[in-house]
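Asks: Take any residue in the sequence shown, count from 1 to its spot, add 486: that is its number in the working numbering.
For each residue, glycine too, the CB sits at the ideal point set by N, CA and C.
No experiment lies behind these values; they were computed from the predicted model shown.
What follows is a structure written as structure tokens; I'll ask about it next.
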Amino acid sequence: IVVVAAAGNNGHTDEIIGHKDNGDPIYRPAYGTIDSPGNSPYAITVGASDSRGTARRSDDAMAQFSSKGPTLIDHLAKPELVAPGRAVVAAMSQENPSTAAERPDRVITPTGAGAPQNAYYTYYGTSFSAPVVSGTVALMLEANKSLTPALVKASLVRTASALPASLFPSRAANVLTQGAGEVNAAAAVELARAFVPNADKLKAGQKVFSPNVTLGSLHALKIGGESVAPSNRVLYSNGILFKDSPVLVNGIMLSDGIMLSDGIMLSDGIMLGDGIMLSDGIMLGDGILMGEGYVLNCGILMGEGILMGEGILMGEGILMGEGILMGEGIMLGDGILLSDALRLQGQGIILTDGILLSDSRTLGNGILLTDGILLSDGMTLSNGILMGEGILMGEGILLTDGILMGEGILMGEGILMGEGILMGEGILMGEAL
């Protein structure tokens with residue numbers, strides 16, 4: 487069952503911070519306002535865009551009221567995409583007879599003789615955006631009945647048209663407001679037709695496209711008289727890796743020794759499993775590190791390779807998410823390369839299910855990396871770096887109860903690690919052991 491959910495209408499506070507050219511107020515954005523059911527990682531969560539009353543895409547913008555990610559509690563990057571939800575003309579509900587009197591400016595005046603009064607109304611809300619996507623899903627399933635919910639979501643986010651970056655204050659705000667972009671129904675249906683007719687029977691490692699079909703063969707479409715090029719922002723979604731010939735990658739090997747699964751990774755002799763890590767003499771377990779760098783607390787490694795959170799490693803070999811490794815042979819950028827033989831295309835790159843890769847990076851459950859870097863509940867990293875409740879990391883780096891990391895690195899109550907390494911109340915490890 488494909489589940490489509492409205493993001494909600496809590497995307498701004500009541501504080502006015504400016505005005506548009508037409509005098510309309512600009513409100514302060516409110517992030518982290520998507521809750522149930524849109525906070526489900528399995529749902530396709532839809533925010534609201536503003537079509538401005540035209541069929542063109544070039545003048546579209548975001549509706550200020552549209553709820554923004556990350557999701558409450560779980561901190562997933564949402565919504566998946568957006569659809570028109572501001573000033574949508576639809577049949578007027580007749581349940582409340584006072585509606586027309588309360589907001590006469592929203593009632594559509596009939597133009598034909600004998601046309602019924604109070605029949606159509608101008609609505610605002612993500613509840614009118616979600617049905618646009620639901621209708622698109624119906625067309626996709628009509629084109630290919632074998633699509634799974636994962637393939638449907640992957641197709642929608644892959645084909646979505648990103649609203650201009652100039653509409654957003656940062657790249658992080660960009661993805662947390664519009665997700666992959668505005669739904670492109672025609673492109674989504676075209677992609678659905680490109681999938682094999684037995685897509686629900688595919689196994690890991692099999693290509694999802696029909697023979698002789700690639701992403702490069704999908705053509706630009708006309709919307710409102712304007713050419714809309716195929717999107718390439720999304721590289722991975724729900725087990726689908728969008729290289730030129732997309733493949734199902736749940737737990738399978740990708741090219742030279744690289745495997746993506748729910749917790750196991752292999753690349754050039756490097757294995758990441760359930761707490762066991764990494765190449766020449768380096769092991770990470772339950773807070774245990776041997777090698778260069780430092781392990782602090784529950785699996786937080788900071789050194790030449792930086793590990794933050796449950797399995798998120800940032801360094802020369804970069805691990806992001808639950809067992810997704812991007813290593814020395816892997817480049818992410820405008821031309822994206824994953825290992826020696828696997829090339830991906832993207833621009834400001836999004837890997838859905840809460841993962842954004844760009845200059846601002848959102849990694850996993852609510853971990854946002856920007857110029858001022860936020861990691862989950864109240865953890866901020868910037869020039870003066872704060873992690874968690876009272877955990878400060880800067881040039882002189884303090885972590886909770888007396889744990890200091892700096893040029894002379896102190897860990898715990900009297901445990902110093904530096905050029906002369908002191909461990910315990912009287913144990914020194916250094917040039918002389």
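For a test of the three-state rule: what should DSSP assign to Thr663, helix, strand or coil?
Replies: Locating residue 663 in the sequence shown gives position 177, counting from the first residue. In this structure, Thr663 counts as helix in the three-state DSSP scheme.
Asks: Output needed for Tyr517: all residues of its chain with C-beta closer than 8 Å, excluding positions within five of it in sequence on either side, in chain order.
Replies: The count along the sequence shown starts at 1 and reaches residue 517 at position 31. The residues are Lys554, Gly555, Pro556, Ala659 and Leu662.
Asks: Taking the alpha carbon of Ala685 as the reference point, which residue from Val568, Val575, Ser632 and Asp591 has its own alpha carbon closest?
Replies: Numbered from its first residue, the sequence shown carries residue 685 at position 199. Considering only alpha carbons, the answer is Ser632.
Asks: Going along the chain, which unbroken runs of the alpha helix (DSSP H) with 4 or more residues stay wholly within the stretch 649-726?
Replies: Segments of the alpha helix (DSSP H) lying fully in the stretch 649-726: 657-664 and 671-680.
Asks: What span of residues does the beta strand (DSSP E) with Gly533 cover, start to end?
Replies: Taking the sequence shown and counting its residues from 1, one reaches residue 533 at position 47. Ile530 to Asp536 is the span of the beta strand (DSSP E), which, as asked, contains Gly533.
Asks: Please classify Val575 as buried or exposed, where buried requires at least 16 other C-beta atoms within 10 Å of its C-beta.
Replies: As a working mapping, residue 575 is identified with position 89 in the sequence shown. By the neighbour-count rule (16 or more Cβ atoms within 10 Å), Val575 is not buried but exposed.
Asks: Which stretch, first to last residue, makes up the beta strand (DSSP E) that contains Gly504?
Replies: Taking the first residue of the sequence shown as position 1, residue 504 is located at position 18. Start and end: His498 to His505.
Asks: Between Lys639 and Phe654, what straight-line distance do the alpha-carbon atoms span, to the nearest angstrom?
Replies: In the sequence shown, the residue the question calls residue 639 occupies position 153. In the sequence shown, the residue the question calls residue 654 occupies position 168. Using only the alpha carbons, I get a separation of about 24 Å.
Asks: Take Ile530 as the anchor and find which of Tyr610, Asp546, Ile520 and Ala491 has the nearest alpha-carbon.
Replies: The residue given as residue 530 occupies position 44 in the sequence shown. Ile530 has its Cα closest to that of Ala491, out of Tyr610, Asp546, Ile520 and Ala491.
Asks: Since I believe Val532 is in contact with Pro565 (beta carbons under 8 Å), could you give me their beta-carbon distance rounded to a whole number of angstroms?
Replies: Residue mapping note: residue 565 aligns to position 79 of the sequence shown, counting from 1. Residue mapping note: residue 532 aligns to position 46 of the sequence shown, counting from 1. That pair is a contact at about 6 Å.
Asks: Within this structure, are the beta carbons of Tyr609 and Gln550 separated by less than 8 Å?
Replies: Here the question's residue 609 lines up with position 123 in the sequence shown. Here the question's residue 550 lines up with position 64 in the sequence shown. No.
Asks: Just the Cα atoms here: how many angstroms apart are Gly524 and Gln664?
Replies: Along the sequence shown, one-based indexing puts residue 524 at 38. Along the sequence shown, one-based indexing puts residue 664 at 178. Roughly 14 Å separates the two Cα atoms.
Asks: For Ala678 versus Val699, is the C-beta distance shorter than 8 Å?
Replies: In the sequence shown, residue 678 corresponds to position 192, counting from 1. In the sequence shown, residue 699 corresponds to position 213, counting from 1. Taking 8 Å as the Cβ cut-off, Ala678 and Val699 do not qualify as a contacting pair.
Asks: Please specify which runs of the beta strand (DSSP E), each continuous and at least 3 residues long, are wholly inside the stretch 528-616, giving them in chain order.
Replies: Listed in chain order, they are 530-536, 567-570, 574-577 and 606-609.
Asks: Comparing C-alpha positions only, which one of Asp536, Leu562, Ser552 and Arg538 sits nearest to Tyr528?
Replies: Translated into the one-based positions of the sequence shown, residue 528 becomes position 42. The residue with the shortest Cα to Cα distance from Tyr528 is Leu562.
Asks: Assign Pro635 to one of three DSSP states: helix, strand, or coil.
Replies: Numbered from 1 along the sequence shown, position 149 holds the residue referred to as residue 635. Here Pro635 sits in helix by DSSP.
Asks: In this structure, does DSSP put Ser526 in helix, strand or coil?
Replies: Start at 1 with the first residue of the sequence shown, and residue 526 comes out as number 40. Ser526 falls in the coil class under three-state DSSP.
Asks: Using the Cα positions of Lys506 and Pro515, report the straight-line distance between them to the nearest angstrom.
Replies: In the sequence shown, residue 506 corresponds to position 20, counting from 1. In the sequence shown, residue 515 corresponds to position 29, counting from 1. Rounded to the nearest angstrom, the two C-alpha atoms are 15 Å apart.
Asks: Measure the Cβ-Cβ separation of Phe657 and Ser717 and say whether it is below 8 Å.
Replies: Looking up residue 657 in the sequence shown gives position 171. Looking up residue 717 in the sequence shown gives position 231. Sequence check: residue 657 is Arg here, not Phe. Not a contact, by the Cβ cut-off of 8 Å.
Asks: Please state the DSSP three-state secondary structure of Ala516.
Replies: Against the sequence shown, residue 516 aligns to sequence position 30. Ala516: coil per DSSP, three-state reduction.
Asks: Do Glu668 and Leu649 have their CB atoms nearer than 8 Å?
Replies: Here residue 668 refers to the residue found at position 182 when the sequence shown is read from its first residue. Here residue 649 refers to the residue found at position 163 when the sequence shown is read from its first residue. It is a contact, given that the beta carbons lie within the stated cut-off.
Asks: Using 8 Å as the threshold, is the C-beta distance between Leu627 and Ile726 below it?
Replies: Here residue 627 corresponds to residue number 141 of the sequence shown, with the count starting at 1. Here residue 726 corresponds to residue number 240 of the sequence shown, with the count starting at 1. Cβ atoms of Leu627 and Ile726: not closer than 8 Å.
Asks: In this structure, how does DSSP classify Val490 when only helix, strand and coil are distinguished?
Replies: The residue given as residue 490 occupies position 4 in the sequence shown. Val490: strand per DSSP, three-state reduction.
Asks: Val675 and Leu707 look like a contact to me (Cβ under 8 Å); what is the Cβ gap, rounded to whole Å?
Replies: Counted from its first residue, the sequence shown places residue 675 at position 189. Counted from its first residue, the sequence shown places residue 707 at position 221. That belief does not hold up - the Cβ atoms of Val675 and Leu707 are roughly 10 Å apart, past 8 Å.
Asks: Using a Cβ-Cβ cut-off of 8 Å (strictly less than) and excluding sequence neighbours within five positions of Ser713, which residues of its own chain qualify?
Replies: By 1-based counting over the sequence shown, the position of residue 713 is 227. If we look at Ser713 and ignore the five residues flanking it on each side, its Cβ neighbours are Ala706 and Leu707.
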